[in-house]
């Protein structure tokens with residue numbers, strides 16, 4: 001089954017709880033906006049404080065710290081933080097509610113399905129493999145939806161909002177940020193494409209192991225009676241060896257993503273820091289906006305989130 005069909009099947013269950021789902025997405029969008037506003041609001045306070053201190057250092061008559069303005073910015077910053085925390089908390093709450101109810105419906109349908117299939121089906125399918133679909137696979141889907149869905153939305157939305165903010169602050173420096181986005185995306189997609197087949201093999205190997213263990217435990221007396229302990233142990237070693245090999249390859253290849261994205265982000269951070277400093281010295285950029293710009297570039301956690309949770313989603317496809 002293709003990825004598109006997998007997610008469409010999952011959507012059939014999620015759409016039964018569209019109210020909670022859309023509310024979770026709306027609150028996540030709200031919290032993302034509040035998160036992106038943080039560096040900009042801090043930049044306003046830093047710019048004002050820097051200007052006040054420079055005026056005082058140069059002996060400008062009447063120069064002082066603009067306490068009322070800074071206090072207003074700090075109050076705005078506090079309200080932003082409160083909005084972010086409330087939005088994040090309730091978005092996760094409603095998402096968990098929708099996912100758990102959907103998974104409950106999925107388990108119910110699986111139970112009804114298993115009671116309708118003919119007995120001959122189990123002649124070609126290991127019972128342990130079928131059992132794994134009910135337990136580990138369903139739990140994997142549940143975890144992927146709860147942990148990944150909102151985080152990926154947040155990551156992509158934050159990247160979009162950051163692009164808007166950096167273009168507003170300084171379009172020249174923004175070109176550096178915009179340039180790294182396709183580089184990051186192409187790198188992540190290349191690694192995901194390489195690791196995807198191994199995640200599929202890992203799921204199949206896990207199903208084989210579950211089936212083998214279940215059948216051997218059920219037929220333990222028969223194995224002892226005919227003295228097939230060594231043969232059974234050898235078969236189990238081969239199955240676990242295969243699981244270890246494909247599991248290692250899947251984890252190793254997908255694990256390369258974080259160092260690659262980190263290297264790209266760190267390079268962009270360094271370039272922006274140098275060019276931004278030159279812009280400040282030339283008077284084309286304020287200190288506060290420079291701080292905000294560097295902080296936006298350093299939010300590489302959003303690139304990590306896309307990579308990290310995209311690799312988790314591979315397991316359910």
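Residue numbers (full-length UniProt numbering): 1 to 317. Yeah, the Cβ is synthetic: ideal placement off N, Cα and C, and Gly gets one too.
Whole-angstrom C-beta distance between residue j and residue i, which should lie under 8 Å
i, j, result
"residue 191", "residue 260", "7 Å"
"residue 327", "residue 27", "Given a span of 1 to 317 for the chain in the structure shown, any question on residue 327 remains unanswerable."
Other residues of its chain near residue i: CB distance less than 6 Å, five sequence neighbours each side excluded
i, result
"residue 30", "87"
"residue 95", "24, 150"
"residue 262", "none"
"residue 77", "41"
Whole-angstrom distance between residue j and residue i, CA atom to CA atom
i, j, result
"residue 225", "residue 209", "23 Å"
"residue 238", "residue 99", "37 Å"
"residue 231", "residue 216", "11 Å"
"residue 89", "residue 233", "49 Å"
"residue 339", "residue 187", "Look at the range of the chain in this structure, 1 to 317, and you will see that residue 339 is not part of it."
"residue 75", "residue 85", "15 Å"
"residue 318", "residue 166", "Limits of the chain in this structure are 1 at one end and 317 at the other, which puts residue 318 out of reach."
"residue 118", "residue 253", "40 Å"
"residue 107", "residue 115", "13 Å"
Same chain, Cβ closer than 7 Å to residue i, neighbours up to 5 away in sequence not counted
i, result
"residue 285", "170, 276, 279"
"residue 70", "45, 48, 49"
"residue 182", "none"
"residue 146", "95, 96, 99"
"residue 194", "253"
Residue burial classification, residue i (beta-carbon count within 10 angstroms, cutoff 16)
i, result
"residue 267", "exposed"
"residue 67", "exposed"
"residue 222", "exposed"
"residue 22", "exposed"
"residue 39", "buried"
"residue 289", "buried"
"residue 56", "exposed"
"residue 13", "buried"
"residue 142", "buried"
Spatial neighbours of residue i in its chain, beta-carbon cut-off 8 Å, leaving aside the 5 residues before and after
i, result
"residue 235", "212"
"residue 16", "101, 102, 105"
Quiz item: On the three-pair Cβ rule with 8 Å, is the segment 267 to 286 touching the segment 170 to 180?
Solution: With the cut-off at 8 Å, the segment 267 to 286 and the segment 170 to 180 touch.
Practice problem: Decide yes or no for the touch test of the segment 51 to 71 against the segment 103 to 112: beta carbon pairs closer than 8 Å, at least 3 of them. | Solution: Under the Cβ criterion (8 Å, minimum of three pairs), the segment 51 to 71 does not count as touching the segment 103 to 112.
Exercise. Indicate whether the contact test is met: 3 or more Cβ pairs, each with one atom in the segment 5 to 21 and one in the segment 33 to 52, closer than 8 Å.
Key: Contact fails: fewer than three Cβ-Cβ distances are below 8 Å.
Quiz item: Do three or more CB pairs link the segment 242 to 256 to the segment 152 to 162 at distances below 8 Å?
Solution: Taking 8 Å as the limit for Cβ pairs, the verdict is that the segment 152 to 162 does not touch the segment 242 to 256.
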